[in-house]
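J.: According to our numbering, the sequence shown holds residues 16 to 448 in order.
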Amino acid sequence: MIVLIKILQVVLALSILIILHELGHFTFAKIFGARVEKFYLFFDIGGKALLRFRIGETEYGIGWLPLGGYCKIAGMVDESMDLDSLKQEPQSWEFRSKPAWQRLLVMAGGVLYNFIFAILIYCTIAGIWGETYISNEGNAVYVNKLASEMGFRNGDRILSFDDYVPEKFGMLQADLARRNVHKAVVLRGTDTVDIYIDQAMIGEVLSSPLMFDLAIPFVVDSLVQDGPNAGSGLRRSDRIVALGDSPVEYLQDSREILGKLAGQEAIATVVRCADTLKIPVQVDTAGRIGVYMAPPKISRRQYSFFEAIPAGWRMAMDTIGGYLKDLRLLVKPSTGAYKSVGSFVAIGQIFPSSWDWYQFLSILALLSIMLAVMNLIPIPGLDGGHILFTIYEMITGRKPSVRFLSIAQMIGMVLLMALMILAFGNDIGRLIH
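1. Would you check if the distance between the CB atom of LEU249 and the CB atom of LEU273 is smaller than 8 Å?
2. Pull up the distance between the alpha-carbon of LEU120 and that of LYS53, whole angstroms please.
3. Which residue's Cα is closest to the Cα of ASP268: ALA64, GLY302, SER252 and ASP290?
4. Is THR207 helix, strand or coil by DSSP?
5. Do you know how far the Cα of LEU161 is from the Cα of VAL449?
6. Which residue wins for smallest C-alpha separation from MET91, given the options ARG251, TYR338 and PHE41?
7. How about the region 177 to 185 and the region 232 to 249: do they share at least three Cβ pairs that are nearer than 8 Å?
8. Would you call GLY124 buried or exposed, if buried means 16 or more other Cβ atoms sit within 10 Å of its Cβ?
9. Buried or exposed, going by whether 16 or more other CB atoms sit within 10 Å of the CB of CYS138?
10. Mind checking whether LEU38 and PHE58 have CB atoms under 8 Å apart?
11. Hey, how far is the Cα of ASN390 from the Cα of THR207?
12. Indicate, with yes or no, if the ligand COA has a heavy atom lying under 7 Å from the CB of PRO105.
13. Between which residues of its own chain and THR405 is the CB-CB distance below 6 Å, once the five residues before and five after are set aside?
14. Applying the 10 Å Cβ sphere with the 16-neighbour rule, what's the burial state of GLU262?
15. Thinking just about the alpha-carbon of each residue, which of LEU35, PRO393, TYR307 and ILE422 is nearest to the one in GLN240?
16. Looking only at its chain, what residues have a beta carbon closer than 8 Å to the beta carbon of ILE458, apart from the 5 residues adjacent to it on each side?
17. Do the CB positions of ILE212 and LYS198 come within less than 8 Å of each other?
18. Using the Cα positions of GLU109 and ARG418, report the straight-line distance between them to the nearest angstrom.
19. DSSP has LEU292 in a bridge; who is on the other side?
20. Can PHE167 and VAL200 be called in contact, C-beta distance under 8 Å?
21. Within its chain, find whatever has a CB closer than 7 Å to the CB of ASP341; leave out the 5 residues flanking it on each side and keep chain order.
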């Protein structure tokens with residue numbers, strides 16, 4: 016069931032974004048009087064489609080290959096590579112007959128719609144849910160193996176990355192990768208410690224899951240009613256510092272220990288005010304003792320209807336800026352960031368296992384920005400390539416030939432296919448390991 020929910024979310028999200036993107040091209044083509052021959056969700060390779068119908072001059076449909084979609088505009092060199100019609104004299108309703116500035120808007124329409132859609136989603140999120148995040152201030156990290164190798168330790172409080180003071184705990188790992196950090200300053204106990212970052216490890220930072228988990232002190236907030244230790248003598252604010260002979264500082268430390276003690280009784284060493292107590296606790300067969308920890312401090316910002324508009328704009332701009340920094344890492348082979356490129360499998364993994372509108376809309380906005388930014392990359396075959404050639408024409412007054420555009424389109428398709436193979440290969444490698 017979890018897999019089906021994730022698949023449903025991926026298909027729905029990508030379908031919305033693809034239709035919206037192609038609708039951007041479609042709208043501007045219609046505004047300027049260019050004929051749209053086909054409008055498809057997914058690709059109808061070999062002329063085969065799951066659904067097709069015609070309204071006026073345009074054929075609409077759903078293809079069988081779910082790797083994107085397209086809007087076929089008459090008189091344009093695109094992925095269909097239909098060059099026969101271009102051998103005829105240009106017609107007034109063809110894309111190639113339109114002024115360069117109109118063709119530029121037609122090609123930029125998809126990207127524009129994706130950006131506008133993301134901003135609207137973020138405004139909606141800000142208006143309904145506001146901003147909710149775990150503050151970095153006052154919270155400590157629980158590190159994985161990579162973070163430990165870089166010099167971080169459980170319980171460190173990250174004060175700064177170079178001159179930047181992180182605000183959101185959940186963004187620490189992204190900030191470390193994106194900001195080309197050379198030195199992290201942490202509070203370890205009562206000491207301030209400088210950690211110098213090895214830039215050769217940034218690629219691993221991008222692909223290392225949960226590098227900075229929230230270190231949760233093993234302090235009892237409440238007991239599960241009718242749980243195994245409801246009458247054990249544990250009280251609120253008790254800090255469990257050991258289970259049997261094994262020391263415990265954070266909740267994460269207890270998981271492996273309790274797993275080994277499943278179904279048994281253990282002696283918990285508890286600090287209560289100035290006293291240290293030994294309290295027998297029962298561990299259930301799932302390796303739990305039935306206590307709740309105090310929740311982390313949550314920072315919340317609520318917005319009125321009018322406040323949500325600039326807040327949504329800011330959230331969108333922050334996301335765009337962060338993604339551009341990710342792409343900057345991607346083009347540096349030394350960082351190994353290319354290993355983090357993923358396909359639909361990776362996209363599916365970021366969706367929650369149960370339906371949640373907040374998370375779905377947040378991911379949808381992120382994917383809309385990713386689709387827009389990726390399409391702006393000046394590679395033939397992407398919108399960015401077409402935009403680049405059109406701007407060149409507007410500056411020089413010389414229009415690229417059909418032969419040049421067709422060759423560029425083929426090169427772009429090869430590059431995109433190579434990128435797709437890399438993404439699928441990375442996903443398969445991650446699944447294997």
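From the three backbone atoms N, C-alpha and C, an ideal C-beta is built for every residue, glycine too. Just so you know, these numbers come straight off a predicted model, no measurement behind them.
T.: Result, derived from the coordinates:
1. no
2. 19 Å
3. GLY302
4. strand
5. Within the shown structure, residues of the chain are numbered from 16 to 448, placing residue 449 beyond reach of any answer.
6. PHE41
7. no
8. buried
9. buried
10. no
11. 44 Å
12. You won't find the ligand COA in this model; it holds no ligand whatsoever.
13. ALA115, ARG118 and LEU119
14. The amino acid at residue 262 is misidentified as Glu; the sequence shows Pro. Result: exposed.
15. TYR307
16. Because residue 458 is not part of the residues shown, which for the chain are 16 to 448, the question remains open.
17. yes
18. 18 Å
19. VAL285
20. no
21. ARG193
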